[in-house]
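Data block below; observations after.
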Amino acid sequence: MTQPLTMTLNPAIDKTITLPKFELGGLNRLTHKPVIDPGGKGVNVAKVLNQLNTPVTATGYIAGQSGQKFVEELTSLGINTVFQNIQGDIRTNLKIVDQSTEQTTEINEPGFSVEDKDLLKFNQTFDELLNDTSYLVLGGSTPKGIGDDQYKRYIELAKQKGVKTILDASGSALREGLKANPYAIKPNIHELEELYDTSFETKDDILKACHQLVEGGVQLVIVSLGADGALFVGREESYEVNPFKIEPKSTVGAGDSMVGAIVYALNHNFSLKQLSKWSTTAGTITASKAGTNVCTLAEIEELVDQVHVQAIK
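The sequence shown lines up with residues 22 to 334 when you count with our numbering.
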């Protein structure tokens, strides 16, 4: 039986610290221990799918003793892992949550370097994994040694095997990946503005950009707007979804929760309207949780009808 596959080429140990008030340039004392979790976009999506009772395989590269602990923790959660071990060490990404401003500051390390022999070996493993894959999620940054067009190559290979792809990347990785026409993309508003090298003045401007992407070959464009919800733009129908009110505690993993719910919805043949509600609900719930905790299936089912969805042209 096929199942979703998530790819994280540049995984990280996510270290989240929460402060009553972040004093820039001053002394900050923690009142609670940091929360430390295996992270990276694809890994986070796998954790969400696992919470949604969906068998999933996580793949990518790992390195060093921290990398081994990283895989052990994912395995202990019940997630199938097929990571390739390479030289170096896995990076640590620091998330600073300021409770007074409800803002999260992220400081991400560059990570390890991938050699040509590592890439060749991984490509062979990836090709085999695709034979049992329903949906492929490609997410996050790429490490040193990996070209900007690598996601594009993987999307093309997946499409040859009839696997639908969801790309959640930014910058040149998103720009290059779009050339292969992934099934769906999920930029946030800032990533979409970077892609178009502009600042959108109105929601109509954002919609116009989304429609251009759909006309270019992408089947579904999801733009997350933070507290303002999200836009879901497809070939035949589009929706604007506004979330229910929450007290935001951490944005870490909110976008990845949206992607996980999208995969779940596609796997269950949901309509685009229902998919949009599930995805927005998942992201909203995760944003209401501290650290790197993510939504659960029961929470989504309980709150999904509290979001407001409206058809748009």
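Beta carbons are placed, not taken as given, at the ideal position from N, Cα and C, and that holds for glycine.
Treat the numbers as computed from the prediction; the structure is a model and nothing was measured.
Environment of residue i [buried if 16+ CB atoms lie within 10 Å]
i	result
A248	exposed
N49	exposed
M22	exposed
Q171	buried
T37	buried
D225	exposed
I128	exposed
P41	exposed
A282	buried
S259	buried
N290	exposed
N74	exposed
A67	buried
A332	exposed
L30	buried
D153	exposed
G237	exposed
S121	exposed
K334	exposed
L95	buried
K62	buried
P164	buried
Coarse secondary structure for residue i, derived from DSSP in three states
i	result
N74	coil
D58	strand
H289	coil
Y260	strand
K165	strand
R112	strand
M28	strand
S271	coil
L140	helix
K185	strand
D35	strand
I210	helix
H53	coil
E149	helix
Y204	coil
S297	helix
Q233	helix
N314	coil
G63	helix
D119	strand
I176	helix
G192	helix
F104	strand
G255	strand
S309	coil
Q240	coil
V330	strand
Check: residue i C-beta below 6 Å from any heavy atom of the ligand HEM
i	result
L40	No copy of the ligand HEM appears in this structure; indeed no ligand is present at all.
Beta-carbon proximity check, residue i vs residue j, cutoff 7 Å
i	j	result
T186	Y204	yes
E197	D169	yes
V262	V330	yes
K270	A311	yes
V328	K294	no
V64	P25	no
V254	V242	yes
L151	A194	no
V92	K207	no
Integer Cβ distance of residue i from residue j, believed to fall under 8 Å
i	j	result
L70	V284	6 Å
I34	I57	6 Å
K182	K200	The Cβ separation is near 19 Å, so there is no contact.
Q72	L296	Between L296 and Q72 the Cβ distance is about 17 Å, and since that is not below 8 Å, they are no contact.
G60	N114	6 Å
T301	P264	6 Å
D148	Q105	Between Q105 and D148 the Cβ distance is about 13 Å, and since that is not below 8 Å, they are no contact.
E214	F221	6 Å
L228	L246	No, L228 and L246 are not in contact; Cβ-Cβ is about 12 Å, not under 8 Å.
T126	N101	With 8 Å as the limit, T126 and N101 do not qualify as a contact, their Cβ atoms being about 33 Å apart.
T223	V118	Contact doesn't hold; Cβ gap of about 31 Å is too wide.
Legend entry - Three or more C-beta pairs below 8 Å linking the stretch 273 to 283 and the stretch 306 to 317: Yes, since at least three Cβ pairs between the stretch 273 to 283 and the stretch 306 to 317 fall closer than 8 Å, the two stretches touch.
Inset, instruction - Examine the Cβ distances between the stretch 177 to 192 and the stretch 141 to 158 and report whether three or more of them are shorter than 8 Å. - result: Under the 8 Å Cβ criterion, the stretch 177 to 192 counts as touching the stretch 141 to 158, having at least three qualifying pairs.
Inset, instruction - Pair every Cβ in the stretch 101 to 109 with every Cβ in the stretch 130 to 137, then say whether three or more of these pairs are closer than 8 Å. - result: Judged by pairs of C-beta atoms under 8 Å, the stretch 101 to 109 touches the stretch 130 to 137, as three or more such pairs exist.
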